[in-house]
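Peer 1:
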Amino acid sequence: MRQFTTVVQFSDDEFLRDVGITREQFLEVRARVASFLEEERTRRPMTTRGKQTSRLPLEDRLLLVFTYLRHYPTFQQLGQQFGISESYAHKLYERYRGYLVHLVRLPQRHALLAPGLTALLLDATEQPIERPIHRQRASYSGKKKRHTINAQLLVGVFSLQILAVVCGQGRTHDFTLFKQAHLPIAPQIEVSADSGYQGIEKVHSNSQIPIKKPKGRELTAEERTYNRALARVRIAIEHVNRRCKIFRIVKETYRGKHKHIGLTWHLIAGLVNLRYA
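Next up, the structure:
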């Protein structure tokens, strides 16, 4: 049976590869959750009356959640690893995912108006999902030729911290998703995006996108130089995408309820910020 007392003895590199965050960061999250649960018991003592305490210690319950996020097994496999039933593994995951989303959260939307913020990177990535039962066409991506969700990240250029995540259905164009989000980006902040955001300067005038090759002629040397310089800046957000997809739950085909995808992406973004703070 998988236990934290065994995993904690791994080397620093093995622990990071197995859990997704460092040992110190895991213990920090554990302290936050323990403090939150204690506050809840003090604030609402009647809600836990008569409830049995889980036979898994808090460290193992959190390890269960991180194992699911990092490796994305089925709940049957997860239950077998921790010596509990499939249904109880699912119940623990749902409960503690809610705690973690609350405790490891992204900056509020007003962080995009912070005076010290001068430049942002914008990009979207698609994640495959199981074919929906209803409204399948809305989730079908013509680009990927399968059903997907579109996760759009807004990242600070210098800190590489994820400031906002917006999720939409696979059929939704990147630029359409950006417009629908109505993110409060200050006018003086420079936004760098890829060529999928043609027309973004009409929404946010201080934006940069690559220059597309005009029909019938080649790009000039100055235009190619500009595109290369922009690509050197924008490559950082691809590294942030890679950091997120270390957690297999946002890389592999999503098997959960589609209404929870946004919640999952926000949790992973918060954990990535914690890992690379």
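Residues in the sequence shown are numbered from 882 upward in steps of one, following my numbering. Even glycine gets a Cβ: it sits at the ideal position worked out from N, Cα and C.
(1) Measuring alpha carbon to alpha carbon, tell me which residue in 1027, 1015, 1060 is nearest residue 1138.
(2) Classify residue 1091 as helix, strand or coil using the three-state DSSP reduction.
(3) Please go through the same chain and pick out, in chain order, the residues whose beta-carbon is closer than 8 Å to the beta-carbon of residue 1017, but skip the five residues on each side of it.
(4) Which residue wins for smallest C-alpha separation from residue 952, given the options 891, 902, 972?
(5) Which of helix, strand or coil does DSSP assign to residue 1047?
(6) Within 10 Å of its beta-carbon, does residue 986 have 16 or more other beta-carbons around it, so buried, or fewer, so exposed?
(7) So, using beta-carbon positions, are residue 1074 and residue 1062 closer together than 9 Å?
(8) Can you say whether residue 948 is buried or exposed, counting buried as having 16 or more other CB atoms within 10 angstroms of its CB?
(9) Would you call the CB atoms of residue 1008 and residue 1135 closer than 9 Å?
(10) Assign residue 997 to one of two classes, buried (16 or more other C-beta atoms within 10 Å of its C-beta) or exposed (fewer than that).
(11) Using only the alpha-carbon positions, how far apart do residue 1042 and residue 1109 sit?
(12) Compute the beta-carbon to beta-carbon distance between residue 1058 and residue 1072, rounded to the nearest angstrom, for a pair I have assumed lies under 8 Å.
(13) Residue ranges of each beta strand (DSSP E) run of no fewer than 3 residues wholly in the region 970–1042, ordered along the chain?
(14) Run through DSSP, which three-state label would residue 1099 get?
(15) Enumerated in chain order, which unbroken segments of the alpha helix (DSSP H) with a length of 4 residues or greater are wholly contained in the region 1099–1148?
(16) Buried or exposed for residue 1091, going by 16 or more other Cβ atoms inside 10 Å?
(17) Can you give, in chain order, each stretch of the alpha helix (DSSP H) that sits fully within the region 1057–1089 and has at least 4 residues?
(18) Where do the ends of the alpha helix (DSSP H) carrying residue 1054 lie?
(19) Let me know the secondary structure DSSP gives residue 1156 once reduced to three states.
(20) From residue 893 to residue 908, what distance separates their C-alpha atoms?
(21) Measure how close the beta-carbons of residue 946 and residue 969 come, nearest whole angstrom, since I'm counting them as under 8 Å.
Peer 2: Result, derived from the coordinates:
(1) Taking only the C-alpha atoms, the option nearest residue 1138 is 1015.
(2) In this structure, residue 1091 counts as coil in the three-state DSSP scheme.
(3) When the five nearest sequence neighbours on each side are left out, the beta carbons in the same chain lying within less than 8 Å of the beta carbon of residue 1017 are those of 1028, in order along the chain.
(4) Residue nearest to residue 952 within the set 891, 902, 972 is 902 (criterion: CA-CA distance).
(5) Three-state DSSP puts residue 1047 in a strand.
(6) Around the beta carbon of residue 986, fewer than 16 other beta carbons lie within 10 angstroms, which makes this residue exposed.
(7) No.
(8) Note on residue 948: 16 or more other CB atoms within 10 angstroms of its CB, so buried under the neighbour-count rule.
(9) Going by beta carbons, residue 1008 and residue 1135 fall inside the 9 Å limit.
(10) Of the residues assessed, residue 997 falls on the exposed side of the cut-off, its CB having fewer than 16 other CB atoms within 10 angstroms.
(11) Rounded to the nearest whole angstrom, the CA to CA distance from residue 1042 to residue 1109 is 23 Å.
(12) Their Cβ separation, rounded to whole angstroms, is 14 Å, which puts residue 1058 and residue 1072 out of contact at 8 Å.
(13) Scanning the region 970–1042 for uninterrupted beta strand (DSSP E) segments of 3 residues or longer gives 1000–1009, 1027–1037, listed from N- to C-terminal end.
(14) Coil at residue 1099, not helix or strand.
(15) Listed in chain order, the complete alpha helix (DSSP H) runs (minimum 4 residues) inside the region 1099–1148 are 1102–1126.
(16) So residue 1091 ends up on the buried side.
(17) None, since the region 1057–1089 contains no complete alpha helix (DSSP H) of that length.
(18) In the DSSP assignment, residue 1054 falls outside any alpha helix (DSSP H) and carries neither an H nor an E.
(19) In the three-state reduction of the DSSP assignment, residue 1156 falls in the helix class.
(20) Going by the C-alpha atoms only, they are around 13 Å apart.
(21) With 8 Å as the limit, residue 946 and residue 969 do not qualify as a contact, their Cβ atoms being about 13 Å apart.
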